[in-house]
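Numbering-wise (the numbering used here), the sequence shown opens with residue 2 and increments by one. What follows is a set of notes on a single structure, which appears directly below.
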Amino acid sequence: MNDLARPHSDPPGYAPQIVVIIVRTGGIAGIRRQWQVEPPLDENPRWAALIEQCPWDAPNQEPHGADRYIWSIRAHTPADSRERDVPDHDLAGPWRDLVDAVRNASQEDGDADD
2 MNDLARPHSD PPGYAPQIVV IIVRTGGIAG IRRQWQVEPP LDENPRWAAL
52 IEQCPWDAPN QEPHGADRYI WSIRAHTPAD SRERDVPDHD LAGPWRDLVD
102 AVRNASQEDG DADD
């Protein structure tokens with residue numbers, strides 16, 4: 002087999018990362034904010050648990066009222082990619098835990114917009 006026919010393989014020591022991106026839109030001023038975390042590999046189990054506990058497949062709820070925030074949450078793990086828009090009134094429980102963790106991690110890294 003020549004080099005062109007060899008299947009693609011990841012470099013030695015490569016491990017897929019978790020990436021979580023939170024974008025908040027809406028509000029009276031309509032200002033967009035974004036936070037992102039790419040945790041180190043040793044923190045992957047904690048972040049995977051935060052992602053898994055969110056109700057990704059629950060029915061969508063309509064936003065209540067004008068000028069409310071919408072939280073766009075994207076999570077990429079080695080096993081899956083998920084995306085969900087969560088109205089501000091539904092940002093509770095596991096959703097709130099995930100958003101708060103990403104915002105806190107972004108502030109620690111100095112990447113926060115807020």
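Don't be surprised by glycine CBs; every beta carbon is placed ideally from N, CA and C. Treat the numbers as computed from the prediction; the structure is a model and nothing was measured.
Figure out for me which residue from the options has the closest Cα to the Cα of residue i.
i: A91; options: R47, A102, L42 and S73; result: Residue identity check: residue 91 is Asp in the sequence provided, not Ala. With distances taken between Cα atoms, D91 lies closest to S73.
i: R104; options: T26, Q54 and W36; result: W36
i: D58; options: H77, R83 and P79; result: R83
i: D98; options: C55, V38, G27 and R34; result: C55
On the premise that residue j lies in contact with residue i, defined as a C-beta separation below 8 Å, what is that separation, rounded to the nearest angstrom?
i: T78; j: I29; result: In fact, because the Cβ distance is near 35 Å, the residues do not count as touching under 8 Å.
Helix, strand or coil, according to DSSP, for residue i in the structure here?
i: R7; result: Interpretation of R7 is limited by its pLDDT of 39, a score under 50 that renders its predicted location unreliable; the figure taken from the coordinates is listed afterwards. R7 falls in the coil class under three-state DSSP.
i: P56; result: coil
i: A106; result: helix
Where does the unbroken beta strand (DSSP E) through residue i begin, and where does it stop?
i: I71; result: Y70 to H77
Per DSSP, residue i is paired with what?
i: I22; result: Q37 and R75
i: D86; result: S73
i: G27; result: Y70
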